[in-house]
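Asks: Position in the sequence shown (first residue = 1) + 186 = my numbering.
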Amino acid sequence: MKKTHTIFLPQMLEYHSPFLQAAFAGSGYRLAVMSEAKGLKEQALRYISSDFCYPTILIVGQVLQTLQSGQVPADRIAFMEPQAGGACRAGNIYRTIRHTLDRCGYGGIPVLSLNFMGLERQPGFRITPRLLFAAVMAVCCGDLCMSLFHQTKPYERETGAADRVLETVQTRVCAYIRAHACIRKTERRKIWRYILECFAGIPLKCERRKKVGVAGEIYIKYSSLGNHNLERFLDRQGCQCSIGGFINYAIYVMDSARADYMMQSGRHMLRPVFDYVLRGMKSLQKDLYRTVTRYSGFETDAPFDELRAKAEGLIGESCITGDGWLVAAEAADAIEKGCRHILIVHPFGCLVSHVCERGIVKNLRSRYPGIAIQTIEYDYDSSDTLRESRILLGLGE
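1) Could you pull out every residue in the same chain whose Cβ sits closer than 8 Å to the Cβ of A260, ignoring the five residues on either side in sequence?
2) Where does the unbroken alpha helix (DSSP H) through L581 begin, and where does it stop?
3) What distance in whole Å lies between the Cβ atoms of M332 and C368, which are believed to be in contact at a cut-off of 8 Å?
4) Output the residue ranges of the alpha helix (DSSP H) runs that lie fully inside the region 341-422 and measure 4 residues or longer, sorted by chain position.
5) Quick one: residues in its chain with C-beta nearer than 7 Å to the C-beta of A386, no 5 flanking neighbours on either side, listed in chain order?
6) Decide yes or no for the touch test of the region 381-395 against the region 218-238: beta carbon pairs closer than 8 Å, at least 3 of them.
7) How is A230 classed by DSSP in three states: helix, strand or coil?
8) State yes or no: is the C-beta of G430 within less than 7 Å of the C-beta of D487?
9) According to DSSP, is H202 helix, strand or coil?
10) In whole angstroms, what is the alpha-carbon distance linking F319 and I283?
11) Curious, which full-length beta strand (DSSP E) runs of at least 3 residues does the region 443-501 contain?
12) When you compare only the Cα positions, how much space is there between R343 and C427?
13) Compute the distance between the beta-carbons of I406 and V325, then report whether it is under 7 Å.
14) Is the Cβ-Cβ distance between T190 and R262 less than 7 Å?
15) When you compare only the Cα positions, how much space is there between F419 and T507?
16) Just the Cα atoms here: how many angstroms apart are S213 and L317?
17) Taking 8 Å as the threshold, find out whether the region 508-516 comes into contact with the region 553-568 through three or more Cβ pairs.
18) Using the beta-carbon count (16 or more within 10 Å), is D288 buried or exposed?
19) Would you tell me roughly how many angstroms separate the C-alpha atoms of Q251 and L244, rounded to the nearest one?
20) Could you tell me which of L298, R444, F484 sits nearest to R465, measuring between CA atoms?
21) Along the chain, where does the alpha helix (DSSP H) containing S333 start, and where does it finish?
22) Does the beta-carbon distance from V351 to I388 come in below 7 Å?
23) Per DSSP, which residues does I530 bridge with? Please list them.
24) For the beta strand (DSSP E) holding T427, just list the boundary residues, first then last.
25) According to DSSP, is T192 helix, strand or coil?
26) Got a sec? Which residues, its chain only, sit under 8 Å from L334 by beta carbon, not counting five neighbours each side?
27) From which residue to which residue does the alpha helix (DSSP H) around S255 run?
28) When DSSP labels each residue in this structure, what does E503 get in the three-state scheme?
29) Which term fits C392, buried or exposed, when burial requires 16 or more other beta carbons within 10 angstroms of its beta carbon?
30) Which same chain residues end up closer than 7 Å to G328 when comparing Cβ atoms and leaving out the 5 residues on each side of it in sequence?
31) What residue range does the beta strand (DSSP E) around I263 cover?
32) CA-CA distance, K376 and S451?
33) What residues in its chain sit with their C-beta under 6 Å from that of E222, if we drop five residues either side in the sequence?
34) Assuming I528 and G424 are in contact, meaning their beta carbons sit under 8 Å apart, how far apart are those beta carbons, in whole angstroms?
35) Rank T477, D519, R394, F210 by C-alpha distance to the C-alpha of C360 and give the top, closest one.
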């Protein structure tokens with residue numbers, strides 16, 4: 187099936203997807219991203235309840251749209267759904283996709299679960315160490331491109347210069363990742379230095395813009411489909427957007443899975459495996475940030491362990507349901523990097539997000555007086571005007 191099937195992934199990580207596609211291609215998988223089309227809500231609600239959260243409705247709508255588009259024959263399609271586990275309704279997306287396909291008469295289509303916990307195993311698909319390393323490297327490259335793009339796009343002298351550099355970088359770096367020419371440390375650093383040099387060569391205007399930090403629920407934060415092109419809206423308001431990298435979320439999920447395993451199992455059999463993977467991911471992240479600091483003037487996120495420390499006093503470290511303490515840590519990191527406006531985004535009616543995101547606002551305002559902090563909710567039937575007015579309220583002085 188590797189040779190005949192295309193694996194479709196939900197649209198979420200626009201900056202990372204080309205690199206992830208290259209990482210999977212290097213292990214023989216053909217990965218594609220589902221298209222962003224109109225009418226996703228209407229298609230999804232024909233098969234699932236409106237009580238599902240906004241990300242679930244959008245993803246199920248994309249699955250149905252992909253089948254109806256005829257882009258790839260139905261007997262040559264597989265779907266992949268990343269799963270972090272946890273208590274939120276998004277944890278049921280995998281089963282919801284499976285149930286929807288059964289109802290539509292496509293019960294034979296494979297649905298793969300991408301997770302660290304061994305959930306919903308699919309025969310024939312496994313994450314090898316080679317694929318895992320290439321995927322983590324892809325995430326690091328996506329994070330770097332996203333960060334540099336956000337730091338250059340608002341200030342480019344020539345319109346479209348940052349977009350062209352991003353496209354050039356993606357084309358060349360994907361070739362390295364696909365060939366797994368990023369295993370050795372020296373090769374990785376050459377790739378990162380190449381990306382830094384490309385973005386550093388963009389002529390910039392000497393002006394200052396409002397820096398707006400965006401934190402919150404993982405899907406709404408990263409997906410332009412889920413957040414209704416929040417980056418473009420902020421750019422039109424004369425702002426510079428700052429979004430924390432995905433590598434910290436990946437480490438957070440693994441670290442949370444380790445803590446959950448240690449608390450519930452009462453055994454330490456898998457602890458060395460968790461520790462080994464965590465050390466590797468943290469080492470790769472720190473090497474990336476050291477390279478950026480040494481060879482450029484661009485800023486980076488705080489490494490994972492430093493990020494965790496920023497959440498102390500804002501929310502308990504044991505709060506690992508959903509995005510947990512990571513939201514508070516990323517908001518604090520953005521503020522300390524100079525963002526005086528913070529938008530915390532999440533789906534409407536998401537209890538996990540309300541607890542972990544709305545619940546930290548008071549403590550954030552107490553620690554950082556004078557910082558404008560606004561929570562923004564997204565839903566399939568909410569008004570764009572109301573949502574944008576709340577965003578503009580958060581951008582006020």
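C-beta: ideal position from N, C-alpha, C; glycine also.
All of these numbers come straight from a predicted model, not from anything done at the bench.
Replies: This is what the structure holds:
1) L253, Y292, I295
2) Segment: none, L581 is in no alpha helix (DSSP H) and carries neither H nor E.
3) Not quite, the Cβ-Cβ distance comes to about 18 Å (not below 8 Å), so this is no contact.
4) 347-364, 371-386, 404-408, 416-422
5) S482
6) no
7) helix
8) yes
9) coil
10) 28 Å
11) none
12) 18 Å
13) no
14) yes
15) 30 Å
16) 6 Å
17) no
18) exposed
19) 10 Å
20) R444
21) 315-338
22) yes
23) A401, T561
24) Before going further, note that residue 427 is Cys rather than Thr in the sequence given. Note, C427: beta strand (DSSP E), 425-429.
25) strand
26) I381, L382, F385, F484
27) 240-255
28) coil
29) exposed
30) L199, Y201, H202, F205, F432
31) 263-268
32) 42 Å
33) Q197, L411
34) About 17 Å separates the two Cβ atoms, so there is no contact after all.
35) F210
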